[in-house]
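Written below as structure tokens is the structure these notes are about.
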Amino acid sequence: MTAAKVGDLIRRQRGLARRSQLDLAYEIGISPRHLSFVELGKSKPSAGLLMKIAQHLDLPLRERNDWLLAAGYAPRYPETSLSGPELSRIRASVQALLDTHDPYPGLAIDRQWNVQLSNRAARRLVAGIPEEVRGVPTNIFRTALHPDGLAGRTRNFPQWSAYLLRRLDRAAVRTQDPSLTELADEIATWPAIPERRTWSNLPSEKVDDPVLSWRLELGGEELSMFSLLSTFGTAVDVTLSDLSVELFFPADEQTETILRRRA
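For the sequence shown, the residue numbers in my numbering are 1 to 263.
As structure tokens, this is what we get:
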């Protein structure tokens with residue numbers, strides 16, 4: 001790896017964050033000329049400077065490790081398996097949160113939106129969907145957008161799919177994760193999915209409610225739910241930094257009644 005390589009990464013991330021070279025340089029306490037030299041590969045940044053830039057650009061821990069490696073330094077943040085003993089207490093705590101949320105659906109997903117943990121209500125929603133459709137582990141984008149998944153049961157599919165496709169597009173562009181890019185390219189070939197190049201500009205549909213709800217048919221009954229997405233605010237492990245918890249809540253009394261009855 002070379003200074004030019006990490007300089008390209010910094011310049012790209014700064015562009016995604018829509019930050020000017022001048023503003024970022026002053027924020028981190030170096031001259032714009034120094035930052036310019038770093039981005040052009042004319043100056044190799046120290047590990048400390050790299051992490052300062054990464055912090056000001058709100059770079060995820062996984063990408064911070066990538067920057068360090070690109071500059072010839074050792075990764076700073078560990079990546080521990082969620083199923084390993086080191087994270088057993090945290091895993092149990094997240095699972096307890098999800099179980100407490102039942103009879104409303106709840107799940108924990110990684111940065112590729114693969115389900116790592118879920119509660120019974122969430123598993124009921126995908127019951128009967130073949131593994132070849134939802135993936136192993138279950139992937140939210142595959143499950144929600146595939147015609148043999150939940151797409152045919154989603155009553156507001158144009159609005160809900162637009163939300164998901166924008167999320168997938170942002171994740172693929174921000175992380176440059178090949179698996180996300182491949183997934184996006186595959187999903188773009190499915191029925192009722194717009195062209196890949198249009199995803200970032202898909203309009204947000206105007207709705208009468210304060211939040212966009214997911215309207216899903218389940219066993220002949222229609223559910224309407226909104227979700228709350230949360231992350232670890234103090235993670236210093238890559239696995240936890242990538243983990244998000246999504247909790248669904250009933251958007252109306254009918255949905256609450258149905259979910260409690262089916263529990």
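The C-beta atom is built at its ideal place from N, Cα and C for all residues, glycine as well.
Rounded straight-line distance, which links the Cα of residue j to that of residue i
| i | j | result |
| --- | --- | --- |
| residue 88 | residue 42 | 45 Å |
| residue 212 | residue 146 | 20 Å |
| residue 266 | residue 245 | A question about residue 266 goes unanswered here, because the residues of the chain that appear run from 1 up to 263. |
| residue 262 | residue 10 | 50 Å |
| residue 257 | residue 61 | 41 Å |
| residue 238 | residue 141 | 22 Å |
| residue 12 | residue 124 | 41 Å |
| residue 74 | residue 47 | 9 Å |
| residue 144 | residue 187 | 11 Å |
| residue 172 | residue 182 | 9 Å |
| residue 198 | residue 226 | 25 Å |
| residue 50 | residue 228 | 33 Å |
| residue 120 | residue 218 | 15 Å |
| residue 109 | residue 116 | 5 Å |
| residue 134 | residue 232 | 26 Å |
| residue 155 | residue 91 | 34 Å |
| residue 290 | residue 194 | This structure cannot settle anything about residue 290, because the visible part of the chain is limited to 1 through 263. |
| residue 7 | residue 174 | 16 Å |
| residue 251 | residue 204 | 19 Å |
| residue 111 | residue 243 | 6 Å |
| residue 247 | residue 104 | 8 Å |
| residue 241 | residue 190 | 31 Å |
| residue 53 | residue 177 | 21 Å |
| residue 271 | residue 66 | Outside the shown range of the chain, which is 1 to 263, sits residue 271, and nothing can be said about it. |
| residue 149 | residue 82 | 27 Å |
| residue 214 | residue 166 | 15 Å |
| residue 164 | residue 131 | 20 Å |
Where the beta strand (DSSP E) through residue i begins and ends
| i | result |
| --- | --- |
| residue 54 | No beta strand (DSSP E) holds residue 54; the alpha helix (DSSP H) holding it covers 47-56. |
| residue 267 | The question about residue 267 has no answer, for the chain in this structure spans 1 to 263. |
| residue 38 | Per DSSP, residue 38 belongs to no beta strand (DSSP E); it is in the alpha helix (DSSP H), 32-40. |
| residue 109 | 106-109 |
| residue 215 | 214-218 |
| residue 133 | Counting along the chain, residue 133 falls outside any beta strand (DSSP E), though it belongs to the alpha helix (DSSP H) covering 131-134. |
| residue 116 | 115-118 |
Where residue i falls, given that 16 or more other Cβ within 10 Å makes a residue buried
| i | result |
| --- | --- |
| residue 26 | exposed |
| residue 220 | exposed |
| residue 16 | exposed |
| residue 162 | buried |
| residue 276 | Not covered by the structure: residue 276. The range shown for the chain is 1 to 263. |
| residue 94 | buried |
| residue 39 | buried |
| residue 18 | exposed |
| residue 159 | buried |
| residue 31 | exposed |
| residue 281 | This structure cannot speak to residue 281, because the chain is shown only from 1 to 263. |
| residue 45 | buried |
| residue 236 | exposed |
| residue 85 | exposed |
| residue 253 | exposed |
| residue 192 | exposed |
| residue 255 | buried |
| residue 201 | exposed |
| residue 122 | buried |
| residue 223 | buried |
Extent of the continuous alpha helix (DSSP H) run through residue i
| i | result |
| --- | --- |
| residue 174 | 157-175 |
| residue 91 | 88-101 |
| residue 82 | Element bounds for residue 82: n/a, residue is neither H nor E. |
| residue 61 | 61-70 |
| residue 21 | 21-28 |
Alpha helix (DSSP H) runs contained entirely in the stretch 178-263, provided each spans 4 or more residues: Runs found: 178-187, 238-242, 253-262.
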